[in-house]
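**Student:** Residues in the sequence shown are numbered from 177 upward in steps of one, following the working numbering. Okay, handing you the structure first.
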Amino acid sequence: MQDDELLCSSIWPLLTEENDKTIKDCFKEEIKKSDQLEIAVGFASCKSLLELDKLITQQNIKNVSLILGMYFLNGFPEELLQLVMEINEKWQKQGIGEIRVVFAFKNHVKLYCFLKNGEVRSAIIGSPNLSFLTDQETIWPKWRQYEMAYLTHNPKILKKTKKHIDSLKSEDVSNNIAYLVKNQLLIVKKVNKTEPEKFFKISGKNTFKK
177 MQDDELLCSS
187 IWPLLTEEND
197 KTIKDCFKEE
207 IKKSDQLEIA
217 VGFASCKSLL
227 ELDKLITQQN
237 IKNVSLILGM
247 YFLNGFPEEL
257 LQLVMEINEK
267 WQKQGIGEIR
277 VVFAFKNHVK
287 LYCFLKNGEV
297 RSAIIGSPNL
307 SFLTDQETIW
317 PKWRQYEMAY
327 LTHNPKILKK
337 TKKHIDSLKS
347 EDVSNNIAYL
357 VKNQLLIVKK
367 VNKTEPEKFF
377 KISGKNTFKK
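Below, the structure written as structure tokens:
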């Protein structure tokens, strides 16, 4: 069995040491060894979703499941929702996966499972939401968020992690983003530069028409 590793961000003055791995570097290493990806996070950003989609294409991932845990009850930023819909539609048309949203409760766990030939071979468990994929693009350290995580190959932990993600995919807990939009079940946060943040129920009939 491979060694487990403690992962962290590299932000001045807490820079990684010579033999340390950043969470982002580890994620990229693990995805190269995988053909399937299962992710559960609380939040994502537009930049991190685009980066994830790019990596999935580059590494020829055959199946991907992304579960977003905090937006059903907190509300969805309008721009982010549009991108989530577009990527979900792309993955479904390609037959490789979907994006789901937890509606049963606020789900703030962060789990990244890497599978090969149907078997979970590793997992990253820790504090980072998906934004770790692009946080280095921010030049000012104070605007970045320090994170820690744990890469595990322990069979018992991998089994429990996969079981938990499967439970999050239950129809009693989450649903595909397209279903929630179609049935007008989401609250969208619309931000106007000149007005306070507004909340409104989404309309499945006229949402994101091109």
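Cβ coordinates follow ideal geometry from the N, Cα and C atoms, glycine included.
Note down, in chain order, each residue of its chain lying with its Cβ closer than 8 Å to the Cβ of L334, except the 5 sequence neighbours on either side.
**Tutor:** C289, V296, R297, S298, A299, T328
**Student:** To which residues of the same chain is Y247 closer than 7 Å at the C-beta, ignoring the five residues directly before and after it?
**Tutor:** V277
**Student:** With 16 as the cutoff for other CB atoms within 10 Å, does S224 come out buried or exposed?
**Tutor:** So S224 counts as buried.
**Student:** Distance, Cα to Cα, K292 vs E206?
**Tutor:** 10 Å
**Student:** With respect to the alpha helix (DSSP H) encompassing T233, which residues constitute its N-terminal and C-terminal limits?
**Tutor:** 222-234
**Student:** Beta strand (DSSP E) containing K292: first to last residue?
**Tutor:** For K292, the enclosing beta strand (DSSP E) stretches over residues 287-292.
**Student:** Does I315 come out as helix, strand or coil in the three-state DSSP assignment?
**Tutor:** Legend: pLDDT at I315 = 48, less than 50; position of this residue unreliable, value from coordinates given subsequently. In this structure, I315 counts as coil in the three-state DSSP scheme.
**Student:** DSSP three-state call for N129: helix, strand or coil?
**Tutor:** Beyond the ends of the chain as shown, which are 177 and 386, falls residue 129; an answer cannot be given.
**Student:** Which whole-angstrom value describes the C-beta separation of N330 and V217, a residue pair presumed to lie in contact below a C-beta threshold of 8 Å?
**Tutor:** Contact doesn't hold; Cβ gap of about 21 Å is too wide.
**Student:** What's the call for L244, buried or exposed, on a 16-neighbour Cβ count within 10 Å?
**Tutor:** By the neighbour-count rule (16 or more Cβ atoms within 10 Å), L244 is buried.
**Student:** Using only the alpha-carbon positions, how far apart do L361 and G294 sit?
**Tutor:** Straight-line Cα distance between these residues: approximately 33 Å.
**Student:** Quick check: K338 and E254, are their CB atoms within less than 8 Å of each other?
**Tutor:** no
**Student:** Looking at the unbroken beta strand (DSSP E) that takes in I301, where does it start and where does it end?
**Tutor:** 295-302
**Student:** If you count every other CB in all the chains shown that lies within 10 Å of the CB of S346, and 16 or more means buried, which is it?
**Tutor:** Classification of S346: exposed, given that the 10 Å Cβ count is below 16.
**Student:** Can you tell me which residues form a DSSP beta bridge with V349?
**Tutor:** BP columns for V349 are empty, so no partner.
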